[in-house]
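Below is one structure, written out as structure tokens; comments come after it.
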Amino acid sequence: MSLKKTVLCVGCTVIDFVTINASFPEEDSDRRCLDGYWQRGGNASNVSTVLQVLGARVEFFGMLSRADGFRVLLEDLRKRDIGVRYCPQTDKDPPFSSVILAQDTGSRTIVHCNKNYPYVTAEDFKRIDLSAFGWVHFEARCPTETIKMIQAVVDYRSKCGDELIISLDFETLYEENLNLCDLCDYVVLSKDLALKKGWKAAQEACLGLERDLIQHRPAIICPWGSDGAGCLDSNKNYRDMGAYKANKIVDTLGAGDSFMAGFIYATLYRLYSLSDAVDFANQVASHKITNFGYDHIT
Ligand code: FRU
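Residue numbers for the sequence shown follow UniProt numbering, beginning at 1 and rising by one.
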């Protein structure tokens, strides 16, 4: 297991405009929300936040913007001591999401606006000194570039003999991202993507993804909301890890990202086994939803 504990999170950072509503609004209605706020969001960006809150050292690698609206995101990253030294910059306006939290059902509805915002490239990734990291976490996004970045980590690892763990957050574009999975140590497959594939439970999803891989290398983890999560190790042993029931459901935005961060933290910092790390991730996700944002997770 790696002695280097800094995690590099590769992916997106966006502005989340969140409104808290008693219930989901009717279409074409004009109403007031109970409260609202903005926060830094995006999958890898949220994973960075939760890792940092849990006590990990984190560096974020994603496209930053020189646009005025982006300054709040930069300030938040700086305030939280999340490194951004390798990030390229663009003049384009940052992506954002309108998020509706409905307090009666606990749902979070995300409308995301990306405006063709550029994604980091394999060329940008070459500037990173990988010797500083113990774990590199990727979003399964922009597969043609991401596969080259993952391959660069694999090549670095075999050349330098360094232990460097690779994980993948697999939420979209199933066919296009499949070959990324074979290069990773851990793949976390989202419930939404699994349902789109027609898999009706975590075990079916883990086994289904495993069947579709060519080299069958990674451990596969599939969080299944209030049913907990399943995990399949690289020897094909499957385990269901039960959920922790939250005493209240306040904010489910970023629960999956919190699960991901909990899993990385437990594996890298606490040296937990696969199933124990998934159990810890379940605890982090269920605790996350009991309050707004991420700062209450400790
Ligand atoms: C939550 C999230 C939000 C963001 C959206 C992007 O998982 O990362 O913070 O708006 O997803 O798809």
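Each residue gets a CB set at the ideal place from its N, CA and C atoms; glycine is no exception. Every value quoted in this text rests on a predicted model; they were computed, and no experiment measured them.
Cα-Cα separation, LYS197 to ALA285: 24 Å
The ligand FRU heavy atom lying under 8 Å from the CB of ASN43: yes
Determine the extent of the beta strand (DSSP E) in which SER158 is found, giving its start and end residues. Run containing SER158: none in the beta strand (DSSP E); it sits in the alpha helix (DSSP H), 143-160.
Coarse secondary structure for SER98, derived from DSSP in three states: strand
At a threshold of 8 Å, does HIS137 count as lining the ligand FRU (C-beta to nearest heavy atom)? no
How about LEU173: is its Cβ closer than 8 Å to a heavy atom in the ligand FRU? no
Just mark MET1 as buried or exposed, buried being the case when its beta carbon has 16 or more other beta carbons within 10 Å. Note that MET1 scores a pLDDT of 47, beneath 50, so its modelled location is shaky and nothing firm can be said.
How big is the Cα-Cα spacing for LEU193 and ALA205? 9 Å
In terms of residues, what are the limits of the alpha helix (DSSP H) holding HIS287? 274-288
Just to confirm before moving on: does the CB-CB distance between ASN133 and ALA44 stay below 9 Å? A small correction: the amino acid at residue 133 is Phe; Asn does not occupy that position in the sequence shown. No, they are not a contact pair.
Go to SER45, then tell me how far its alpha helix (DSSP H) extends in each direction, as first and last residue. 43-54
DSSP on ASP28, reduced to helix/strand/coil? coil
Residues in the same chain with beta-carbon distance under 7 Å from LEU130, minus the five sequence neighbours each way, listed in chain order, please. VAL153, TYR156 and LEU164
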